[in-house]
Amino acid sequence: MTLGQFAVAVGAPARWVQNAFQALGLPARYTEDLARRLSFARTVKTACGMPLRQAFPLAEEALARWPRHRTWELAGPDGVVRMTLDLERFLSDCSVRLSLARCRYAEKRRGRPPKTRRRGIAWAKWYGVDISLLEASLRLTPEQRLRRLDEAAEFFRKARMIR
Numbered sequence: 124m125t126l127g128q129f130a131v132a133v134g135a136p137a138r139w140v141q142n143a144f145q146a147l148g149l150p151a152r153y154t155e156d157l158a159r160r161l162s163f164a165r166t167v168k169t170a171c172g173m174p175l176r177q178a179f180p181l182a183e184e185a186l187a188r189w190p191r192h193r194t195w196e197l198a199g200p201d202g203v204v205r206m207t208l209d210l211e212r213f214l215s216d217c218s219v220r221l222s223l224a225r226c227r228y229a230e231k232r233r234g235r236p237p238k239t240r241r242r243g244i245a246w247a248k249w250y251g252v253d254i255s256l257l258e259a260s261l262r263l264t265p266e267q268r269l270r271r272l273d274e275a276a277e278f279f280r281k282a283r284m285i286r
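Right under this line is the structure:
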């Protein structure tokens with residue numbers, strides 16, 4: 124998995140992923156499990172404002188609960204505040220992003236984008252060539268074109284004899 128694919132799987136820009144790896148001291152290996160954990164930490168961070176270093180260790184414990192428990196809850200120290208994360212919905216969203224990263228992601232090409240080239244008739248029209256005669260000839264049936272070709276050949280045969 125490349126950095127770009129990993130960023131799509133996490134649901135974050137590539138630069139955010141690099142900064143998160145640096146802040147958490149993670150090795151630069153991009154795996155699906157790590158993408159889920161980092162995505163979980165990012166979700167908790169954005170929803171609650173919890174620092175990433177605090178949210179990341181919670182991800183492993185929360186994701187390990189998955190088949191037995193459908194939700195993950197974190198209560199504040201005094202019990203007044205409680206955060207609940209729907210694991211089914213979260214993992215479904217992660218699966219969609221992982222699939223997108225595997226199947227549809229393409230790295231951006233470096234440099235200037237290639238110029239769009241006009242081909243054939245479009246190029247001739249753009250260049251200023253009058254192609255109305257060519258288009259009219261292409262509308263004829265093959266028999267009509269052969270007849271026209273025979274007439275032109277006969278004309279050139281007669282033109283050579285006159286010399």
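Remember, the working numbering sits 123 above the position in the sequence shown when you count from 1. For each residue, glycine too, the CB sits at the ideal point set by N, CA and C.
Do L147 and L99 have their beta-carbon atoms positioned less than 9 Å apart in this structure? Outside the displayed span of the chain (124 to 286) sits residue 99, for which this structure offers no information.
8 Å contact criterion, which T125 and E230 should meet: CB distance rounded: As a working note, residue 125 is residue 2 in the sequence shown. As a working note, residue 230 is residue 107 in the sequence shown. With a beta-carbon spacing of about 7 Å, T125 and E230 fall inside the 8 Å limit used to define contacts.
Taking the Cβ atom as the reference point for each residue, do A137 and A224 lie within a distance shorter than 9 Å? On the sequence shown, residue 137 is found 14 positions in, with the first residue counted as 1. On the sequence shown, residue 224 is found 101 positions in, with the first residue counted as 1. For A137 and A224, no; Cβs fall outside 9 Å.
Considering A170, what are the terminal residues of the alpha helix (DSSP H) in which it resides? For the purposes of this step, residue 170 is identified with residue 47 of the sequence shown, where counting begins at 1. Segment 155 to 171, the alpha helix (DSSP H) holding A170.
Leaving out the 5 sequence neighbours to the left and right, which residues in its chain are closer than 7 Å to C171 when beta-carbon positions are compared? Working through the sequence shown from its first residue, we reach residue 171 at position 48. Result list for C171: M206, in chain order.
With which residues is D209 paired in a DSSP beta bridge? Position 86 of the sequence shown, counting from 1, holds the residue named residue 209. Bridge partners of D209: T194.
Taking CB distances under 9 Å as the criterion, tell me whether R220 reaches chain D. Looking for chain D here will not work: only one protein chain is present.
Suppose the cutoff is 6 Å on Cβ atoms and the five residues either side in sequence are ignored; what does the same chain contact list for V167 look like? Along the sequence shown, one-based indexing puts residue 167 at 44. Excluding sequence neighbours, V167 sits near M173, A178.
Once DSSP output is grouped into helix, strand and coil, what is the label at I244? As a first step, residue 244 must be located in the sequence shown, where it is residue number 121. In the three-state reduction of the DSSP assignment, I244 falls in the helix class, which pools H, G and I.
CA-to-CA distance, E183 to V140, given in whole angstroms: Locating residue 140 in the sequence shown gives position 17, where the first residue counts as 1. Locating residue 183 in the sequence shown gives position 60, where the first residue counts as 1. Near 18 Å, if we compare the C-alpha coordinates of E183 and V140.
According to DSSP, is Y228 part of a helix, a strand, or is it coil? In the sequence shown, counting from the first residue as 1, residue 228 sits at position 105. Looking at Y228 - three-state DSSP - the assignment turns out to be coil, as it is neither helix nor strand.
To the nearest angstrom, how far is the alpha carbon of Y228 from that of G127? As a position in the sequence shown, residue 228 is number 105, starting the count at 1. As a position in the sequence shown, residue 127 is number 4, starting the count at 1. Between the C-alpha atoms of Y228 and G127 there is a straight-line separation of about 8 Å.
So, for A198: in the same chain, excluding its five sequence neighbours on each side, which residues have a beta-carbon less than 6 Å away from its beta-carbon? On the sequence shown, position 75 is the one that residue 198 refers to. Within the same chain, and ignoring the five residues on either side of A198 in sequence, the residues whose Cβ sits closer than 6 Å to its Cβ are R205.
May I have the straight-line CA-CA distance separating S162 from A245, to the nearest angstrom? Working through the sequence shown from its first residue, we reach residue 162 at position 39. Working through the sequence shown from its first residue, we reach residue 245 at position 122. Answer to the nearest angstrom: the Cα atoms are 48 Å apart.
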